[in-house]
Amino acid sequence: MFQRAERLRRDGCFQEALAAYERALELAPNDAYYRCRYAETLFEVGQSAAAIVAMEVACEEEPENAYYRFRLGDFYARSGDLPMAIRETARAAELAPSDGYYRAQLGSLYLRVGRIQDAANAFREALVAAPDNPSYHCLLADVYVRLGADRVALKHYRKAGLLGDYDAELVTKVRDLHSL
């Protein structure tokens, strides 16, 4: 049943996929992965409140799963509940200390709420996890500019340039958050 739900989702038949996920969950009610995929599909069809509830259950079933926490944080962020988004994304970052992406996303959430120093800390931690990521250097440099530390910012911009291409979409997205 789960494979059928996955196939239906992949084919864009979301309502049918939701019904198939529900049947799969009836057969395996404590399967956190099934519940996560169900929650993601709920979110895709605009049922954000139900998606959050379903993902919270997945997190209860597997409290140490960083991905589930991260997705829950993403659902909260996209639903406008930034304090909860920060809490869950921070938890994901704690659970996966070597994942720079979770920390970079946490930094972008901090920027959205004006916590510039916390954003700097999160981007620094992202660089510890992925020191050769030019995008993280750009994002940290942007934060240093906001903090008035232009020389430190320049160092990170230069490092990013030496490392090569960066994820322009990610950097632009986070930079756009500065103006919110």
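Convert by adding 21 to the 1-based position in the sequence shown; the result is the number in this note's numbering.
The C-beta atom is built at its ideal place from N, Cα and C for all residues, glycine as well.
{"query": "Please classify D95: is it buried, with 16 or more other beta-carbons within 10 angstroms of its beta-carbon, or exposed?", "result": "buried"}
{"query": "Are there 16 or more other CB atoms within 10 angstroms of the CB of A98, so buried, or fewer, so exposed?", "result": "buried"}
{"query": "Quick check: the Cα distance between L184 and S156, rounded to an integer number of angstroms?", "result": "10 Å"}
{"query": "Which same chain residues, not among the five before or five after D171, have their C-beta less than 8 Å away from its C-beta?", "result": "Y165"}
{"query": "Give the list of continuous alpha helix (DSSP H) stretches no shorter than 4 residues that lie fully inside the stretch 81-168.", "result": "87-99, 103-116, 121-133, 137-150 and 155-167"}
{"query": "Which residues mark the beginning and the end of the alpha helix (DSSP H) in which G182 is found?", "result": "D171 to L184"}
{"query": "Which class does Q68 belong to by DSSP, given the choice of helix, strand or coil?", "result": "coil"}
{"query": "Counting only the same chain and skipping the five closest in sequence on each side, list residues whose C-beta sits under 7 Å from that of V78.", "result": "R56"}
{"query": "Below 8 Å on the Cβ atoms is my guess for L160 versus A125; work out the distance and round it to an integer in Å.", "result": "6 Å"}
{"query": "Whose C-beta lies closer than 7 Å to the C-beta of Y42 among residues of the same chain, with five residues either side of it excluded?", "result": "A26, Y55, R58, Y59 and T62"}
{"query": "How long is the line joining the alpha carbons of V138 and R179, rounded to whole angstroms?", "result": "A quick correction: the sequence has Gln, not Val, at residue 138. The straight-line gap from Cα to Cα measures roughly 21 Å."}
{"query": "Determine whether the beta carbon atoms of L215 and A87 lie at a separation below 8 Å.", "result": "Because the chain spans 22 through 201 in this model, residue 215 falls outside it and cannot be assessed."}
{"query": "Can you tell me which of T110, A174 and G182 puts its alpha carbon nearest to the alpha carbon of L130?", "result": "T110"}
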